[in-house]
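Enquirer:
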Amino acid sequence: MKYEVVMGLEVHVELSTNSKLFCSCPAHFGAEANENVCPACAGMPGMPAVTNKRAVELGIAAGLVTGSEIARTMTFDKKNYFYPDLPTGYQITQWYAPVCRNGRVEIETGKGKKHITLKQIHIEEDAGKLVHDNRAGASLVDFNRTSVPLIEIVSNPDFRSAGEVTAYLAKLRSLLSFAGVSDCKMQEGSMRCDVNISVRERGSDKLGTRTEIKNMNSLKAIAAAIEYESGRQIDALETGCEVLVQETRRWDDDRGETFSMREKEDATDYRYFPDPELMPVVIDDEWIESVRAGLPEMAHEKYQRLTGELGLSEYDSNIITGSKNLSDIFDETMKYFPKPKEAANWIITELLSVAKGDNKGEDDIKIDCRQFAKLMELVDNKTINRGVGKKLLLPVWKEGIDPAAYVKENKLGMVSDTDQIGEIIRQVLEEEADSVSDYKNGNQKVYGFLVGRVMKKLAGKADPQVVNKLLAEMLAQNE
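Going by our numbering, the first residue of the sequence shown is number 752, and it counts up by one from there.
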């Protein structure tokens, strides 16, 4: 308790544009190495840069959802440094006149609500990617990511714990993904975080020696890195085992520790100067309001609609609004099956289970919502029972089958004929006489076993309500 941790974050978020920031190359993730590269983004001399208007609009949208001040005139600048994945030898960014300043994001932790203040949001181009091949003893360069548009969200040093950091990143992810600014897929690198961290004696207003942990893209790893680095700095202050220096450090997830990369640069090291080839961009009130009008329903607004208008529980609403992709699946499914509680139940209990079995996260789920809704309708109108429906969900997920046609072709319709079911129950009671005796002697668990035997004989297609009703009646008659 003698020390407190002080942190500020720089969060890099790739924007959801079709093309790059200053050329027409595709900006999508997953292409073959160096497939989306042209002379402009490869840094060839004499290639003019043209600003992507949509990237500016997404920067404005980010400012609106974070309560930031939107600049009326923004400019681009050159940040000079040399690295193999930066073909021009400089990065086009915003130093003197960023698109947004002075924002505020509310977070909630176990200690209550807190506001994190933002210094600025600026638009810049991404760098390429180095791929290290240890077997060949070489590093390869993929320029696909070069000049992909991103925003950098720079906070003030308002964080005091790893819990506050992860709550803030989760809130940013929700705000930006629902606004359509970015998909915020940390596993694909479209949302990355640099953590600036120092420690000081509690009560002091003087900041300690700051280190920066670079390019973190996992909430779990970020929390672990903060715990390690704060502990390392406290040990250094307490024992004098090392001298703390301002530096950039990298997190080693396997070893569970940070290690030094290089001394931390200052702004003067980058020799910022205005980009003479890019004109200033004027942002007027009309443009800002058009972006505001185009913002979709945000997570907190959807939560209120789900719990209020649609009557979902807080638990279900939290899960559905916890992911933009899951929220979109819910909305699309509701177009064809407008029963919110049943739709939410299928998504949360069944769809997420199938996705987990296929090693897919919430953001990676893709399903034909029309066929998914048809499956729910088949169960709801008792064409099939829920057990059959759960089995059919996998081919709907994997292959996008038409469940109604599949049920008809494979004769999976629910058996509700009481005479047919009654005959099967009589057979089971005769075959399982010992279990029937146990039930009559007070072993209630046997009842579930008997239901299972009946369902198995009917190939799982019987109406469970009819089975339970008839079985209970026939067991009572035998008493």
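All C-beta atoms in this analysis are idealised placements derived from N, C-alpha and C, irrespective of residue type, glycine included.
1. Please give me, in chain order, every unbroken run of the alpha helix (DSSP H) with length at least 4 that falls completely inside the segment 786–832.
2. With H, G and I counted as helix, E and B as strand and the rest as coil, what does DSSP make of residue 871?
3. Confirm the yes/no value for this check: CB of residue 851, any heavy atom of the ligand NAD, distance under 7 Å.
4. What number of angstroms, rounded off, separates the C-alpha of residue 827 from the C-alpha of residue 1073?
5. Over what stretch of residues does the beta strand (DSSP E) that includes residue 947 continue unbroken?
6. Cβ atoms of residue 985 and residue 1232: under 8 Å apart, would you say?
7. How far does the alpha helix (DSSP H) with residue 1128 in it reach, from first residue to last?
8. Should the segment 1089–1107 be called in touch with the segment 1129–1148, which here means at least 3 C-beta pairs below 8 Å?
9. Can you tell which of 1152, 1005, 1110 and 1188 has its C-alpha closest to the C-alpha of residue 1123?
10. Do residue 1031 and residue 844 count as a contact pair if the criterion is CB distance below 8 Å?
11. Going by beta carbon distance, what residues of the same chain come within less than 6 Å of residue 1057, once the five residues before and after it are set aside?
12. Run through DSSP, which three-state label would residue 1076 get?
13. In the DSSP assignment, find the beta strand (DSSP E) that holds residue 857 and state where it starts and stops.
14. Of all Cβ atoms in chain B, is any one closer than 8 Å to the Cβ of residue 831?
15. Can you list, in chain order, the stretches of the beta strand (DSSP E) that have 3 or more residues and sit fully within the segment 960–1018?
16. Would you call the segment 959–971 and the segment 850–857 touching, i.e. three or more CB-CB distances under 8 Å?
17. Let me confirm a value: residue 1091 is counted as buried when at least 16 other C-beta atoms fall within 10 Å, else exposed. Which label applies?
18. Can you give me the C-alpha to C-alpha distance between residue 770 and residue 1105, rounded to a whole angstrom?
19. Since residue 948 and residue 756 should fall inside the 8 Å C-beta cutoff, what is the C-beta to C-beta distance between them, to a whole number of angstroms?
20. Are the beta-carbon atoms of residue 1205 and residue 1179 separated by less than 8 Å?
21. Looking only at its chain, what residues have a beta carbon closer than 7 Å to the beta carbon of residue 901, apart from the 5 residues adjacent to it on each side?
22. For residue 1215, which residues of its own chain have a beta-carbon under 7 Å away from its beta-carbon, when the five flanking residues on both sides are left out?
23. In angstroms, rounded to a whole number, what distance separates the CA positions of residue 1110 and residue 1036?
24. I'd like to know whether the C-beta atoms of residue 925 and residue 1050 end up nearer to each other than 8 Å.
25. Count the other CB atoms within 10 Å of the CB of residue 1120; is the residue buried (16 or more) or exposed (fewer)?
26. What residue ranges within the segment 897–948 form continuous beta strand (DSSP E) runs of no fewer than 3 residues, ordered along the chain?
27. Starting from residue 1208 and walking both ways along the alpha helix (DSSP H), at which residues does that stretch end?
28. Does the segment 785–800 come close enough to the segment 830–847 that 3 or more CB-CB pairs lie under 8 Å?
29. What are the start and end residues of the alpha helix (DSSP H) that includes residue 1157?
30. Alpha carbon to alpha carbon, what distance is there between residue 979 and residue 1245?
31. So, are the CB atoms of residue 785 and residue 907 less than 8 Å apart?
32. When you compare only the Cα positions, how much space is there between residue 799 and residue 1034?
33. So who's on the other strand from residue 754, going by DSSP bridges?
34. Can you tell which of 1113, 1125 and 1112 has the C-alpha that lies nearest to the C-alpha of residue 1089?
35. How big is the Cα-Cα spacing for residue 832 and residue 868?
36. Determine the extent of the alpha helix (DSSP H) in which residue 884 is found, giving its start and end residues.
Expert: Considering the structure as presented:
1. For the segment 786–832, whole alpha helix (DSSP H) runs of length 4 or above, ordered along the chain, are 804–816.
2. Strand, per DSSP.
3. Ligands are entirely absent from the displayed structure, and the ligand NAD is therefore not among its contents.
4. It is roughly 35 Å from the alpha-carbon of residue 827 to the alpha-carbon of residue 1073.
5. 942–952 is the extent of the beta strand (DSSP E) around residue 947.
6. Because the chain spans 752 through 1230 in this model, residue 1232 falls outside it and cannot be assessed.
7. Unbroken alpha helix (DSSP H) run through residue 1128: 1120–1131.
8. Taking 8 Å as the limit for Cβ pairs, the verdict is that the segment 1129–1148 does touch the segment 1089–1107.
9. Ranking 1152, 1005, 1110 and 1188 by Cα distance to residue 1123 puts 1152 first.
10. No, Cβ-Cβ distance for residue 844 and residue 1031 is not below 8 Å.
11. 1063 and 1068, listed in sequence order.
12. Helix.
13. Unbroken beta strand (DSSP E) run through residue 857: 851–860.
14. Absence of chain B from the displayed structure is noted, only one protein chain being present.
15. Under the rule that a run must span 3 or more residues, the beta strand (DSSP E) segments found entirely inside the segment 960–1018 read 962–967, 998–1003 and 1008–1014.
16. Judged by Cβ distances under 8 Å, the segment 959–971 makes no contact with the segment 850–857, as fewer than three pairs qualify.
17. When all chains shown are included, residue 1091 counts as buried.
18. Taking the straight line from one Cα to the other gives about 34 Å.
19. By a beta-carbon distance limit of 8 Å, residue 948 contacts residue 756. Their separation comes to about 7 Å.
20. Note that the C-beta distance between residue 1205 and residue 1179 is below 8 Å.
21. Closer than 7 Å at Cβ, skipping near neighbours: 763, 764, 765, 766, 875 and 877.
22. Cβ within range, chain order: 1136.
23. The C-alpha of residue 1110 lies about 45 Å from the C-alpha of residue 1036.
24. Yes, these two residues count as a Cβ contact at 8 Å.
25. Per the 10 Å Cβ criterion, buried.
26. Along the segment 897–948, the beta strand (DSSP E) occurs as fully enclosed runs of 3 or more residues at 900–906, listed in sequence order.
27. Run containing residue 1208: 1196–1208, per the alpha helix (DSSP H) assignment.
28. Below 8 Å, enough C-beta pairs join the segment 830–847 and the segment 785–800 to call them touching: three or more.
29. Residue 1157 -> alpha helix (DSSP H) spans 1154–1160.
30. Lying before the first or after the last residue shown, residue 1245 is absent from the chain, which here runs from 752 to 1230.
31. Judged by beta-carbon spacing, residue 907 lies beyond the 8 Å limit of residue 785, meaning their Cβ atoms are not closer than that value.
32. About 22 Å.
33. Among the bridge pairs identified by DSSP, residue 754 is matched with 952.
34. Here the closest residue by C-alpha is 1125.
35. Rounded to whole angstroms, the separation of the alpha carbons of residue 868 and residue 832 is 29 Å.
36. Where residue 884 is concerned, there is no enclosing alpha helix (DSSP H), although the beta strand (DSSP E) it sits in stretches over 880–884.
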